[in-house]
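Residue 175 in the working numbering is what sits at position 174 of the sequence shown, and the numbering runs on without skipping anything. Even for Gly, the Cβ is constructed at its ideal location relative to N, Cα and C. Since the model is a prediction, treat every value here as computed from it, not as a measurement. For reference, the structure is listed below as structure tokens.
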Amino acid sequence: MIGTRWLGILFGSLLAALGLVGGLAGSAFAQAKLPVIGVPHDWQMGFPASFTPLQEHVAALHDLLLVIITLISLFVLALLLYAMWRFHASRNPAPTVTTHNTVLEIAWTILPILILVVIAIPSFRLLYYGDKAPDATMTVKVTGHQWYWQYEYPDQGNISVDSRILAEADRAKLKPDQPRQLAVDEEMVIPANTVVRIIGTAADSMHGWTVWGFGIKKTVIPGRLNEGWIEVPKEGIYFGQCSQICGNAHAYMPIAVRVVSKADFDKWAADKKKAAGLVPASSVASASPPANR
Ligand SMILES: [Cu+2]
């Protein structure tokens with residue numbers, strides 16, 4: 002017979018297990034016109050669609066945890082209802098004085114441990130999977146500023162792009178198919194099907210470089226470099242927002258990523274290099290002055 006005190010202990014340990022579960026879970030315009038892919042839609046529930054392998058793994062772990070959490074919650078609910086019914090004063094006028102049950106106590110210690118191990122294995126695997134990309138093809142350095150983003154490309158001659166939100170009138174004129182408050186003047190441009198290492202830092206306050214559906218949410222911190230990676234198979238335009246309260250224009254530093262073919266990326270990078278005066282002077286005699294320097 003399960004006493005109410007034991008139920009209290011059981012409930013407490015299950016709540017602790019749930020807390021741990023929660024802690025571990027927790028979680029273009031171009032040469033050719035690109036589709037706007039990574040935007041929220043009306044009546045969406047759950048995660049955004051997965052656009053990178055990393056986000057697919059995040060969604061899979063979330064689904065596993067959801068099943069485990071649901072089963073635990075239903076089990077606890079059933080125990081509570083049973084205890085309320087079975088041990089009601091009218092049905093149980095003389096309460097038992099039993100205080101220990103060794104088998105039960107071992108069971109409610111061992112079972113939560115096993116559940117946590119089952120959760121910890123895929124959780125840690127995912128943490129390390131998203132942590133670093135040893136085989137990255139290229140690197141983009143993301144710097145958060147108050148209040149815009151800067152993208153530098155050390156593998157492309159250190160070209161640099163400042164990315165600022167478009168005023169609504171400009172967006173309607175220049176990028177009407179992109180959502181207001183998310184369209185920027187210059188997107189971060191990366192090639193599709195390429196492992197891109199993201200290193201992030203900040204110039205002033207902390208910012209958060211987060212793109213929905215990419216599975217990446219990097220808090221960028223002045224004086225530090227944080228690393229992550231993305232690989233986006235599908236060409237298109239994706240959006241995100243700063244996810245670290247960083248000051249009074251925090252809401253106005255959206256992130257836009259333009260994923261293009263490798264050929265288009267090379268062309269874009271070459272144009273940027275030329276504009277920044279990063280190719281031999283003889284071949285750019287008529288180049289305009291550096292745009293971003
Ligand atoms: Cu910010």
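Cβ neighbours of I107 within its own chain (closer than 7 Å, five residues either side excluded): none. Annotation for P54: the continuous alpha helix (DSSP H) segment containing it runs P54 to R87. Taking 7 Å as the cut-off, the C-beta of G158 does not count as close to any heavy atom of ligand 1. With a cutoff of 8 Å on beta-carbon distance, L62 and I217 are scored as not near each other. For S74, the number of other beta carbons within 10 angstroms of its own is below 16, and it is reported as exposed.
Residue pairing for K142: DSSP places it in a beta bridge opposite E153 and I200. When DSSP states are grouped into helix, strand and coil, D163 belongs to the strand group.
Under DSSP, R92 takes part in no beta bridge, so it has no partner. Counted as a single uninterrupted DSSP element, the beta strand (DSSP E) harbouring T220 occupies residues I217 to V221.
Just measuring C-alpha positions, the residue of L72, V98, S206 and H89 sitting nearest A250 is S206. When DSSP states are grouped into helix, strand and coil, T211 belongs to the strand group. Linking P113 to Y83 through their CA atoms gives a straight-line distance of about 21 Å. P113: member of the alpha helix (DSSP H) spanning T103 to D132, first to last residue. In this structure Y149 is not in contact with V141, their Cβ atoms being roughly 15 Å apart against a cut-off of 8 Å.
A Cβ-Cβ separation of about 6 Å places V185 in contact with L167 under the 8 Å criterion. For F240, the enclosing beta strand (DSSP E) stretches over residues G237 to C243.
Annotated three-state conformation of E169 is helix, per DSSP. Looking at the backbone, the Cα of A137 and that of R181 are separated by about 33 Å.
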